[in-house]
Amino acid sequence: MTNQYSKEELETRLKSDDSDEAIDALMYSCFNVNDPEWIQDKCVQVIRTSNNDDLKGLGITCLGHVARIHAKIDKEKIVPVLTELLEDVSLSGRAQHALDDIETFVK
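Residue numbers 0 to 106, in numbering that gives the first Met the number 0, belong to the letters of the sequence shown in order.
See below:
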């Protein structure tokens with residue numbers, strides 16, 4: 000059975016130096032927290048502050064998942080973040096996929 004985490008526990012785990020713990024928290028948030036605004040904020044926080052490209056990439060992918068799962072996203076906040084990442088060779092593919100998900104699933 001999957002652990003259940005509060006938002007406070009997830010926030011602590013997202014700031015962990017253990018990348019596996021942070022990745023687990025982000026994945027859990029994306030698929031188990033029914034608060035798309037909160038998830039978006041956590042994804043942007045990870046994208047902006049993490050030095051780990053795997054974690055940043057997951058944050059980008061999770062933004063696409065939020066668009067797909069919830070059919071809503073704060074375009075004014077999220078699209079500029081993703082557009083900026085199109086210039087990053089290691090993250091541009093994920094950023095484009097997330098932008099495509101937003102275009103497809105958010106009306």
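The beta carbon of each residue, even a glycine, is placed where N, CA and C say it ideally should be.
Reduced DSSP category for V105 - H, G, I as helix; E, B as strand; rest coil: coil
Status (buried if at least 16 other CB within 10 Å, exposed otherwise) for S49: buried
Output yes or no for whether 8 angstroms exceeds the beta carbon distance between I59 and L13. no
Which listed residue (N31, I38, L9 and S15) has its alpha carbon closest to that of K76: I38
Going by DSSP in three states, A66 sits in which element: helix, strand or coil? helix
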